[in-house]
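Asks: Position 206, counted from 1, in the sequence shown is what this note's numbering calls 206; the numbers after and before it change by one each time, with no gaps. What follows is a structure written as structure tokens; I'll ask about it next.
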Amino acid sequence: MRYKNRLTTALFLIFLFFIFISSEDEIITISAKIEPTTIYVNEEFKIIVTIESNEPINIQELPEFDKIYEIKVLRPPQIEQKYEATYLSYRINKIYTSIITFFLICEEEVNIQGSSLKFKINNKIHILKDFVIPIISKSSIFTDLTFQNILSFSYEPKQIFIGQPLICEWILFSKQEIDRIDLLNLPLISGGVFKKIEVQNNKEVISLFDEQINKYTILKLLVLPDSTLLSFDKFDFKVFFHVNDEKKEYNLTFQDKKINIFSLPSTPQNFFGLIGNYSISYNFKRVENKNNIFYILEIIFTGKGNHRYINFKKLKIEQQHFNIFGPDIIQSEDSVILDYYLYPKQTGFINLDQINIPVFNTDKKDYDTFIIPKSTFYISQNFDQLFSSFNFTKNIQQFSNKNISNFFDLFNFIDIYLIFLMLFSLIIISLFVNKIFNQLSFKQNIKKYDNQDIINLWHTFYRLNNFKNDSEIEKWIDNQPNRIKQIIQNVHSVYYSYFLGNSIDLNSRKIKNIANNFQKYLRKNYKVNK
């Protein structure tokens, strides 16, 4: 009986032991190293990835290096697998190891950063942390053993079209702690213009897999290319550092750099230079006052691209039935708002023809055409025009000439007459209330001056000269004598402040004087009466 109990206890302990082993969680560690530590353009290098686990390793997916900049895979990876088991403290420790060697090459001098290696192992995704690999040409190496460093040039994005902004960086990698960096000159640029320049001497510690290194951004430019070849001449800089408490300084040189730029396909009509990934929305706002009715067409571009560096006034919107002014432009980091002012040339039902807005999509490498579809608007007549076309007197005379033969006829006549008066009164009240509300709404959106004559005078002046856009007005003003130029510029300032809601430092009397001077000018030169 005693031996039976011992055997039962032993079997129970063995059972618990196997339960303990089988319940152990899977642990996977991934590490990587690069050989050689310095990578040259058009020379083979290796990335060696080591995967360790306490469970058998089933590698289902490997990283796609072809999607990382200009890296190319020379041949299939080499995979080596190992297994070790040790027994320690009543426990079996198992280690499964897979060593994967990738054979790669890069054909361009570039600073690879922010990329990750993604593996699928045992039905789970594992990602090796972000890494940085500078690919350099041998001409960029400074050979003095006292100060070992790597000079690197990089730019984003990698595929660039004419007119698309790119960011260029000149970077120094060094194990040495640098005290100061001085630029001795700047690179000459051909094939483009720079819009922004930053000089940075700040240090950033980065990891080349298992090795720490200092990264210094010497120069950073935002450039807009205007030809198919963008080139930067070499430029010099000086570094200052200490070695064993001794001050050292070296002059270094970045060599010439060239970037190939893609040209745009044949440009469609009305293309104004917008390049990137954008979406477009739009809406119409109707504005009424006692002098006229007009519409504000608001177009909103949202996305990433070159919207902060192009002239949106090149986006011309021409319509048969509207005089169009603008646009007013509001720009932000990721959007642009354009406001066009549309003044109808006639009353009644009029059409706004379809508007096509082409934008070059850098992902598709083709044009997206955004469409504002054809719309129909009804432009109502004003109050005087409405009743001048209605023969109110004749209708009253018809009632007064009615033959009244008895009391009931008289009652019917009075009843009809009262109903007509009530309807007429309701129409008058409705028009009056509607006019008041329109004026209140208009005051909330647009600054209204006490004297409105200047607006009508400006419209008359604009029509008599057959101006088509603001640029024609500005050219005309530049060719006038100073006295006339001052009169027109004063009126122009008041007119646009009126519609754009900008405040101007003028009182009603001053505005009235401006209007009177402008009216005298029109009478004298165009024979126009008020």
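All C-beta atoms in this analysis are idealised placements derived from N, C-alpha and C, irrespective of residue type, glycine included.
Since I believe residue 122 is in contact with residue 58 (beta carbons under 8 Å), could you give me their beta-carbon distance rounded to a whole number of angstroms?
Replies: Their Cβ separation, rounded to whole angstroms, is 5 Å, which keeps residue 58 and residue 122 in contact under 8 Å.
Asks: Please state the DSSP three-state secondary structure of residue 518.
Replies: Helix at residue 518.
Asks: Return the CA-CA distance between residue 213 and residue 273, expressed in angstroms with no decimal places.
Replies: Taking the straight line from one Cα to the other gives about 41 Å.
Asks: With H, G and I counted as helix, E and B as strand and the rest as coil, what does DSSP make of residue 284?
Replies: In the structure shown, residue 284 sits in a strand (DSSP, three-state: E or B).
Asks: Any idea what DSSP makes of residue 35, helix, strand or coil?
Replies: Residue state, collapsed to three classes: strand.
Asks: Ends of the alpha helix (DSSP H) at residue 473?
Replies: Residues 470-478.
Asks: Based on DSSP bridge pairs, tell me the residues matched to residue 81.
Replies: Answer by DSSP bridge pairing, in chain order: 98.
Asks: So the candidates are 74, 331, 276 and 40; which of them puts its Cα closest to the Cα of residue 300?
Replies: Ranking 74, 331, 276 and 40 by Cα distance to residue 300 puts 331 first.
Asks: Take every Cβ of the stretch 150-168, pair it with every Cβ of the stretch 241-249, and state whether three or more of those distances are shorter than 8 Å.
Replies: These segments do not touch.
Asks: So, do the stretch 285-296 and the stretch 357-367 have three or more beta carbon pairs nearer to each other than 8 Å?
Replies: The stretch 285-296 vs the stretch 357-367: no contact.
Asks: Got a sec: is the Cβ-Cβ distance from residue 99 to anything in chain D below 8 Å?
Replies: Within the model displayed, chain D is absent; a lone protein chain is all it includes.
Asks: Less than 7 Å between C-beta atoms, sequence neighbours within five positions excluded: which residues of the same chain meet that for residue 222?
Replies: Taken in chain order, the residues that qualify are 165, 167, 194, 195 and 196.
Asks: Enumerate in chain order the residues of its own chain whose CB-to-CB distance from residue 155 is below 6 Å, with the five nearest sequence positions on each side excluded.
Replies: Contacts found: 166 and 168.
Asks: What's the C-alpha gap between residue 116 and residue 128?
Replies: In a straight line, the C-alpha of residue 116 is about 6 Å away from that of residue 128.
Asks: Please report the distance separating the alpha-carbon of residue 560 from that of residue 106.
Replies: For the chain, the structure presents residues 1 to 530; residue 560 sits outside this window and is missing.
Asks: Please confirm if the stretch 454-464 is in contact with the stretch 506-525, defined as three or more CB-CB distances below 8 Å between the two stretches.
Replies: Counting Cβ pairs under 8 Å, three or more are found: they touch.
Asks: List the residues that DSSP assigns as beta-bridge partners of residue 315.
Replies: Partner(s): none; residue 315 has no beta bridge.
Asks: Among 52, 257, 192 and 78, which has the Cα closest to the Cα of residue 227?
Replies: Among 52, 257, 192 and 78, the Cα nearest to that of residue 227 belongs to 192.
Asks: Measuring CB to CB, does residue 352 end up less than 8 Å from residue 374?
Replies: Cβ atoms of residue 352 and residue 374: closer than 8 Å.
Asks: Roughly how many whole angstroms lie between the Cα atoms of residue 378 and residue 263?
Replies: Distance between the alpha carbons of residue 378 and residue 263: 45 Å.
Asks: In the DSSP assignment, what are the bridge partners of residue 72?
Replies: Bridge partners of residue 72: 105.
Asks: For residue 239, which beta-bridge partners are listed by DSSP?
Replies: Residue 239 is bridged to 181 and 250.
Asks: Closer than 8 Å is the cut-off here; do at least three beta carbon pairs connect the stretch 231-238 with the stretch 183-192?
Replies: As far as the Cβ criterion goes, the stretch 231-238 touches the stretch 183-192, which means the pair count is three or higher.
Asks: Here's the rule I'm using: 16 or more other beta-carbon atoms within 10 Å means buried, otherwise exposed. How should residue 95 be labelled?
Replies: Exposed: under 16 other Cβ atoms inside 10 Å.
Asks: To which residues of the same chain is residue 304 closer than 7 Å at the C-beta, ignoring the five residues directly before and after it?
Replies: Within the same chain, residue 304 has close Cβ partners 276, 277 and 334.
Asks: Spatial neighbours of residue 270 within its chain, please: CB distance less than 8 Å, with the 5 preceding and 5 following residues excluded, ordered by chain position.
Replies: Taken in chain order, the residues that qualify are 315, 316, 356, 357 and 358.
Asks: Starting from residue 351 and walking both ways along the beta strand (DSSP E), at which residues does that stretch end?
Replies: Here the beta strand (DSSP E) through residue 351 covers 348-352.
Asks: Using CA atoms only, rank isn't needed, just tell me which of 120, 252, 152 and 427 is closest to residue 108.
Replies: It is 152.
Asks: May I have the straight-line CA-CA distance separating residue 120 from residue 63, to the nearest angstrom?
Replies: Answer to the nearest angstrom: the Cα atoms are 9 Å apart.
Asks: Leaving aside the five residues before and after residue 444 along the sequence, list all residues of the same chain whose C-beta is less than 7 Å from its C-beta, in chain order.
Replies: Note that residue 444 scores 43 on pLDDT, short of 50, meaning its location in the model is unreliable; the coordinates nonetheless yield the value given after this. Cβ neighbours of residue 444 beyond the five flanking positions: none.
Asks: With H, G and I counted as helix, E and B as strand and the rest as coil, what does DSSP make of residue 459?
Replies: Residue 459 falls in the helix class under three-state DSSP.
Asks: Which residue wins for smallest C-alpha separation from residue 182, given the options 158, 157, 150 and 219?
Replies: Here the closest residue by C-alpha is 219.
Asks: Along the chain, where does the beta strand (DSSP E) containing residue 331 start, and where does it finish?
Replies: Element bounds for residue 331: 322-331.
Asks: Quick check: residue 203 and residue 171, are their CB atoms within less than 8 Å of each other?
Replies: Going by C-beta atoms, residue 203 is not nearer than 8 Å to residue 171.
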